[in-house]
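First the structure, in the form of structure tokens, and then the observations on it.
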Amino acid sequence: MILRHTSQHNDQLRYSLEGETNRMTSRDIVCNKIHFRHDPKWSRRLGPVEGGGLLLCVACLIEMIDDEDIASVRKSSALSSVSGVLKCSPGALRELLQQDHRVCLHFTAKLLGMLQTAEDPVTLEKVDQVLVQLLLELQSELSFRFVLDEIHKQLSEQLSVKHFLPTFSFLGNLIKAAPTVSQSLVTHYVPLLDRLCSALLFPDEALKGAVVYVWLQLLGAPGGSAAQSLPSAVRDRVCNVLLKTLANASSPQLLRNCVGLLSQLVHLADAVSVLMNSLSCQVMCDENEDILANNSQSLSQNQDQQPPDHCLLPLILKKLLLSGDENLQVTSAKCIASVLVHSPSQYSAPFINADVPEFLFDRLACSSNEVLLWSAYSCLLLLTEEPLFFSQCHSVYGMESLVRSLKESLQLTNLEVPKQGLLLLREILERQPATVRLFPSGPGFVAVSEVLVVGVSSSCLLVATQAASVTSALFRLDHQSRPVQYEAMIKLIEAITNRFVSLTLPSPAHLRSSGRMKRSDPSSQALRSEGFLLQALVCFQSACRLAEECASDPVLKENMFTAPYKHSGAQDSLESLCQCLLRCCDAVWIPTVIRMCERAPSAPILQNFYSILSSQFTLLPSLMAAFANKLASSGFYKLAVEHKGLLCAGNSSFAFLPLTHSFRNPNLNASCCGFLQKLSMCLLSQSDLPSGSHQHDLKEVENLLLHNLPSLCYRLSEWPSVLCEYQGPQAPKYCLVIMLRLALQQGDRLLPDQIVFSNVVWLLRSVQEQGCVVPHSVLRSALYLLAVTQDKSPSLDGASLNCISKALSSCQSFSSLYFHHPALIHFMCRYPELAEKFAALVLELWLTKEQDTNTGPTRADTQEEKESRADERSDQKTDTETMELLSVMEKYPAVILTLLDMVCTREAPLAERVLGVLEVLLGGQRDYNINLCTNLRPALLQALQRVSVVNTDHGFEEEYSAQAVSMLLSNSGLMDQLQTVFSSSSSSSFSAPSLSPSACPPLALLCCCHLLLSSLITLQRVHSTQVHKSITWSLDTAVQRLLTQKRNTDSLLLISYLRLLQALLDTDLASEVVCLTSGPGLVGLRPLGIEDGALYPLGSRGAQCLSIALSGLLLQKHELLLRASVNCLSSLLGFLQRKSPATAKHVVCQPWSRFLLHSLLSSGKSCLLHPAILRFIILLLQDSGTPVLREPDLLQVTEAVERRGVKELSKEAEQALRLLLTQIQSRDLLPREEHKQKVKNMIEELGEPDQSCRRSQSHSVLHVGDVPLCLSDFVL
């Protein structure tokens, strides 16, 4: 033997223990009886010699183990000492054994043999322990292989595995202690693995436990390489045998080992496939392992064809859930989760059909174990991905248990548990079909909401964020009970709102220092606060959407199933919910989001934020006007525009991007656009639009914003360049103009006034240059911007004014462009080009707007009521509108004339309102510039002239006409003012170069005064009105002007002179209104002759001069001047006929009359047949007979009529021709028969006289500049 001594006494010292008592010292591992025979190389003293170290002899140890006569107790003691050596002296035993590997293997084999032969549990335990320690000490692949070979050999030689329990236990411990053995097993010892599978069929549960322990350690080896390398056939067989073992296991140890092994297998996708497709009937049958092995492949191939109802694994795991061992329950839940993770859609149905969800919910209801709760939450979370979970009403059944467990889990310190539970609740709420209600009654909904209130109030932001996410899912219409629990929703909204106080908002210093680092650190408190805010916004938006849906459903809106006692408080109503949403949004949410995004805007946060703001416009319509005004005045136009430009704009620099362009953050862009559109429409609906254009403007603006806002992703600094872009579509620019106007109306200046003013002018000009028409609503906005920003902008040039005037004139009704703002009046009155066309309209609308708000029914007022209201006006404080008008009149005096014109031409209520303004102006309540009063007096005169024209034009009743004339003639101030104008005119007639322009009355004023005086003369004569003060007027000056200065005098002034002279001549120059002065140029020297006395103050010479002057005016081409001259000549001849017939005949028969007639007859047929010329010929016939008119002259007229045709003549020409032909016929001025017949035929063709022409002309007013003329005064 290799262990024996090799000295010369070798044969005499044979090792024999028969009949001897072998003793071993208490410290040394030697046998004194036999030790002397062993070669010293197999012995070693451990530790220092002088210290008495332990003596170890391997030979003694091996012989003791191999000797069956030695008691197991002594063997156990020796093994215990060896174990101590291996622990305390690492490497000592290895050095002894490595001297000869055969000794090492022999020692190992002897120990393995003891596992089969020893019966004492203590000895077996020591053998197991020493074997494991020895193999670990050796760290030799050869030793490991030897052990595995020996175990496989033992299993192969034995027909039964009855005594292999210690061996299997050792193998499991070895794999656990030396994980590398597992890789060798699955790689080189597949037959051994098959033997291990077969061993599980042995009925002894202790042995099965040991085998399962081996598999557990094998598959659980670190790294998982052994499990991945396990042959599929072996793996499938293990799965099938494990299911059978687990199904029939009764001992706790076997059960725990099996569950442990199962928890390892379920991490392997292929193993899960086998486990979930192993049918219970196959596993429960008594077929041997060979059959199972042969069928494993076919099972895998046919796994998709197996009915899920017979799947055994869910039933086994459900059984474990029902056990009283929480560890088994936890492991079972983990196994379920591990299976489902591989394919929830494939594996959920068997678990659901096995009612596993029901038992999981039961575990939630009765357990406070954190691990079990988390595992159960995870399993149920995966099961919710299967529709069968909901169709079988597991969600409805388990809701109460889930809520109860959440109440408990929210109190735990491990916050991962409530987070997982809240995640499960959210998934159930989101996936629950609408056809199956989770909360058919109120208490269930209230219970969930109470849990969520606790959740969102949690000190952990992550839990609060998860709870807010669940709340957003709860705010779904089909989750609402009947009646709807509005009060519970209000509490949830308020709880989330109150949570904002503890949020950590990013400070500017923090943002500068951290930058991107903050977003890379998920544990950052600021980042968690941002996450909570985002989820809270999503929740709030869901609440707003739910409120809108409830409002559209009458049943939910009324909440008719609410208990009667709740109706009284109105806390459980839709209106209270909407008020809560608006209140929280206004007071907390808006400031919080603005602070959060002030330095670092977040697209997801802003997207939900603007969607929430948009929703508010539909919840409480009655409060939206104030809400919109507050938003606009607080800068929300600027805020939304800047966020669109910052976060949504692409990289293109092109001014106008098409809708197909790829923008960043399209959802945010859509949200901002929706908010801006609703805000704009709300503000626009409040504006003072005329009723006729209101709906049209709203629709027009809505379409503009809807189609163009998405492409307007520019910051405010870019707007000027966009507005000034000549090319490209105009519609986006129109949107900018509208938003600029609406923001400015609320005091938010998006751009400086000067820039806005110049850009709007540029836009209007560019649109006109392109031949386009500005939409009505845009034009109104542009006008508003021009008016409000004019003070800080330069004055407009002629081209710009022409452009604006053209744009305003393109609108059919200016009133539809009007807005009630003082700046509009100032803008229109600032520029004469605009004032001429639009000032009167603006003033009328300004006063009408004010009048509509302050007056009652529009019935006719009595004189007493008017006087009473005038007295009240004088006592009341001047209103704002009047003060604005006074300011305008001070700055632009021409407005006074416009107001005076309105007194004459507008309806009574408006005219009275204008008079009230003028009363304030003249009442001395303020200190006015003297020039203002100076300008007012002439304007009043012009207005009074217009009154006379309008009275004549409209044919006012005689009573009112007489009252008006009496009032005017009794007004000494009026007469003095007229006298002043005439005196100034008379003094400037011949010495104009020496006078300043301001000393000469304006042409329009002088014309109006002449016409007013002529009307007063005529009306005074008609009504015999008393005159209190006369006006002195120089007849000599007037005649001289007509005679010598007509070429240098304006035609309108000549016409006014002629009208005044006509009125005076009709009164025989003896009107009480006018005191005429004459001179030597008219009446000659005194004493006057008979003719001069009869014709005084005109005189015979004056009559001739006036006749000559009028004759000269007949040659003028001016229509009105020609008519006025003929009428004045008719009045002159009438005056002369009454005062001196001889003089009248003499005047007519003068040579110049013949010359004038010849000139007129030679001027052509168009002039010859003019009504005025025909009338002049009639006058010559009446006052002269035949000396002036000869037969050829009359024939020339008739021939002209024949050539032109009677039907081609005007009505007025027909009447004059009829009168002329009648005189020719009656006086037989054409004696030849053929001529008489021709005249007769013409008279018959003309027919009866038609008075419609005179009537139509008498109701017409012609405005020549600032002078109105009544056409009835020019009828021939």
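Numbering (my numbering), first residue to last: 92 to 1367.
All C-beta atoms in this analysis are idealised placements derived from N, C-alpha and C, irrespective of residue type, glycine included.
Every candidate beta strand (DSSP E) stretch fails here, since none sits fully inside the region 864 to 946 while reaching 3 residues. Scanning its chain for C-beta atoms nearer than 7 Å, with the 5 sequence neighbours on each side dropped, one finds around LEU1012 the residues LEU977 and MET980, in chain order. Per the Cβ contact rule, the region 1056 to 1072 is in contact with the region 1109 to 1118 (3 or more Cβ pairs under 8 Å). Between the alpha carbons of GLN274 and SER320 lies a distance of about 8 Å. Taking C-beta atoms as the reference points, VAL238 and ALA290 fail to come closer than 7 Å. Scanning LEU411, GLY889 and ARG832 for the CA closest to the CA of LEU353 turns up LEU411.
With a cut-off of 8 Å on Cβ pairs, the region 452 to 470 is in contact with the region 417 to 432, counting three or more such pairs. Its Cα nearest to that of CYS470, the residue PRO405 stands out among PRO405, CYS1098, SER342 and CYS484.
CYS630 and CYS551 have their alpha carbons spaced roughly 18 Å apart. For HIS279, there is no enclosing beta strand (DSSP E); the residue is part of the alpha helix (DSSP H) that begins and ends at 271 to 279. Of all alpha-carbon atoms in GLY741, SER1254 and LEU730, the one lying nearest the alpha-carbon of VAL684 is that of LEU730. Taking all protein chains shown into account, ASN348 has 16 or more neighbouring C-beta atoms within 10 Å of its C-beta and is therefore buried. A buried status is given to LEU1308, since no fewer than 16 other beta-carbon atoms sit within 10 Å of its beta-carbon. Nearest to LEU1009 by C-alpha distance, out of GLU998, LEU513 and MET974, is MET974.
Assignment of THR475 by DSSP, reduced to helix, strand and coil, places it in the coil class.
In the same chain as CYS920, and ignoring 5 residues on each side of it, the C-beta atoms closer than 6 Å to its own belong to ALA926, ALA930, VAL979, TYR983 and VAL986, in chain order. For the pair ILE519 and SER664, the Cα-to-Cα distance works out to about 27 Å. The DSSP-derived three-state label of VAL1165 is strand. Short of 6 Å from the beta carbon of LEU310, and not among the five residues preceding or following it, lie these beta carbons of its own chain, in chain order: ALA318 and GLN355.
Among the bridge pairs identified by DSSP, ILE1122 is matched with VAL1165. If you ignore the 5 residues before and after HIS1119, its C-beta comes within less than 7 Å of the C-beta of LEU1060, SER1061 and SER1063, all in its own chain and listed in chain order.
The secondary-structure analysis by DSSP pairs LEU1353 across a beta bridge with LEU1360. A residue is called buried once 16 or more other Cβ atoms fall within 10 Å of its Cβ, and LYS335 is buried on that count.
One Cα belongs to ASP844, the other to LYS883, and the distance between them is close to 6 Å. Distances from the alpha-carbon of PRO1092 to those of LEU1103, SER1074 and SER1106 put SER1074 closest. Note on geometry: alpha-carbon atoms of ARG1177 and SER1198 lie some 23 Å from one another. Annotation: the region 1145 to 1217 contains the following complete segments of the alpha helix (DSSP H) (minimum length 4 residues), in chain order: 1171 to 1174, 1181 to 1185 and 1190 to 1204. With a cut-off of 8 Å on Cβ pairs, the region 180 to 194 is not in contact with the region 211 to 218, counting fewer than three such pairs. If you ignore the 5 residues before and after GLU639, its C-beta comes within less than 8 Å of the C-beta of SER706, THR709 and LEU710, all in its own chain and listed in chain order. In this structure the region 1208 to 1222 does not touch the region 1159 to 1176; the number of beta carbon pairs closer than 8 Å is below three.
Per the DSSP secondary-structure output, ILE156 pairs with nothing in a beta bridge. Straight through space, the alpha carbons of PHE1267 and GLU1303 are spaced by roughly 14 Å. With contacts defined by Cβ atoms closer than 7 Å, LEU1186 and ALA1194 form a contacting pair. Per the DSSP secondary-structure output, ARG135 pairs in a beta bridge with LEU147.
Using a Cβ distance threshold of 7 Å, ALA694 and LEU628 do not count as a contacting pair. Listed in chain order, the non-local C-beta contacts of PRO692 below 8 Å within the same chain comprise HIS734, LEU737 and LEU738, local neighbours out to five positions each way being set aside.
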